[in-house]
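Here the structure is laid out as structure tokens; the discussion comes afterwards.
Number of protein chains: 2
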Amino acid sequence: MADDALFEFLHMEMVAHVYKQQASRAETEQERTTSVSILEGMGFRVGQGLIERITKDTPGFKDDLDIMKFICKDFWINLFRKQIDNLRTNHQGTYVLQDNRFSLLTQFSNGKQYMEEAPKYLAFSCGLVRGALCNLGLDSVVTAEVSTMPSCKFQVVIQKA
Amino acid sequence: MADDALFEFLHMEMVAHVYKQQASRAETEQERTTSVSILEGMGFRVGQGLIERITKDTPGFKDDLDIMKFICKDFWINLFRKQIDNLRTNHQGTYVLQDNRFSLLTQFSNGKQYMEEAPKYLAFSCGLVRGALCNLGLDSVVTAEVSTMPSCKFQVVIQKA
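These protein sequence lines are chains P and V, in that order.
Residues in the first sequence are numbered consecutively from 1, following full-length UniProt numbering.
Residues in the second sequence are numbered consecutively from 1, following full-length UniProt numbering.
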């Protein structure tokens, strides 16, 4: 329990640090893009490292859907101690992963007032997913959105080579 | 197991980021001081948050030594899944906490070649200890040294008011 807290608190600090550092440099809109991409990049590399450990003893995957199911279950449990609650796909390379209680958002109150802040706290996790998929051979674009805290949806669009 | 990896990988990324960002700004010696203090400050705030959760149901402590024992045992197990291996004190406010296999150093090879890098990876943890002690009412100065990887010693000097 409190073990997760170590990661969660560090994540909070990191987000705060990256935003503060960028704020001292640039203007609002551009600044936000850069901070998001710094955090996304960190997540990407962490995701690459983690998936390597997690799939060490896993046999191959039969298709993209099989990979996505692995991300929703094994990968997510490993990181956030719960599975993705809902996975949907259009069978054309777009997947929507819904987590009804995303651990990095549970510290926020449920109201609307922190909604604007939410993307800050999702960038790292988008990177985690993209990094993991990349190491499994899938190029993707991963974005996230929050409609009601602490629930959120990750949209994964696989880029065909 | 891989849960810890999430924290460990994020910690690595954070150290790399802070150093890279500072490197693009200042000169070597000063840069190192700043990076260390940024990381130490992050650890401090994380330590404050964590100790609050961990001591929620703990009765009061009878003296400084009692607090230090709690840090070595409960606090350390909570963060790093093992206790401090050895605690020594001069009974005048100085404590030396030795961890023979410190989790944030286990990724390094045992040789001497990474010794210079070690302080980077200890700053956050020094802050963790200082933050925890601060919330328990003790002002302290915490430093760390490595003689053989992955073993390390934290020196805590309590500042009398």
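The beta-carbon is built from N, C-alpha and C at its ideal position, and this holds for glycine as well.
Inset, instruction - Can you grab the Cα-Cα spacing for the pair T106 (chain P) / C126 (chain P), in whole Å? - result: For the pair T106 (chain P) and C126 (chain P), the Cα-to-Cα distance works out to about 17 Å.
Legend entry - Cut-off 7 Å between Cβ atoms - residues of its own chain near T143 (chain V), not counting five sequence neighbours on either side: The residues are C126 and Q155.
Inset, instruction - Alpha carbon to alpha carbon, how far is A123 (chain V) from V15 (chain P)? Give it in angstroms, no decimals. - result: 18 Å
Inset, instruction - Given a cut-off of 8 Å, decide if L133 (chain V) and L6 (chain P) are closer than it, judged by their beta-carbon atoms. - result: no
Inset, instruction - Would you tell me roughly how many angstroms separate the C-alpha atoms of K112 (chain V) and K20 (chain V), rounded to the nearest one? - result: 23 Å
Inset, instruction - For chain V, find out if any of its Cβ atoms is closer than 8 Å to the Cβ of E40 (chain P); answer yes or no. - result: no
Inset, instruction - Would you check if the distance between the CB atom of Q47 (chain V) and the CB atom of V129 (chain V) is smaller than 8 Å? - result: Residue identity check: residue 47 (chain V) is Gly in the sequence provided, not Gln. The Cβ-Cβ distance between G47 (chain V) and V129 (chain V) falls below 8 Å.
Inset, instruction - Report all residues from its chain with a CB closer than 8 Å to the CB of T148 (chain V); omit the five preceding and five following residues, and keep chain order. - result: N110
Legend entry - Straight-line gap, E13 (chain V) to T34 (chain P) (C-alpha atoms, nearest Å): 16 Å
Legend entry - Burial state of M115 (chain V), where buried means 16 or more other Cβ atoms lie within 10 Å: exposed
Inset, instruction - Provide the residue span of the beta strand (DSSP E) that contains A118 (chain V), from first to last. - result: Neither: A118 (chain V) is in no beta strand (DSSP E) and is coded neither H nor E.
Inset, instruction - For G49 (chain V), go through chain P and note every residue whose CB falls closer than 8 Å to its CB, in chain order. - result: Within 8 Å Cβ-Cβ: A5 and F9.
Inset, instruction - Quick one: grab the DSSP three-state call for K160 (chain P). - result: coil
Inset, instruction - Kindly say whether M14 (chain V), judged by its beta-carbon, lies nearer than 8 Å to any beta-carbon of chain P. - result: yes
Inset, instruction - Check distances from the C-beta atoms of the stretch 77 to 100 of chain V to those of chain P and list, in chain order, the residues that come in under 8 Å. - result: N78, L79 and R81
Inset, instruction - Let me know if D64 (chain V) comes out buried or exposed under the rule of 16 or more other beta-carbons within 10 Å of its beta-carbon. - result: buried
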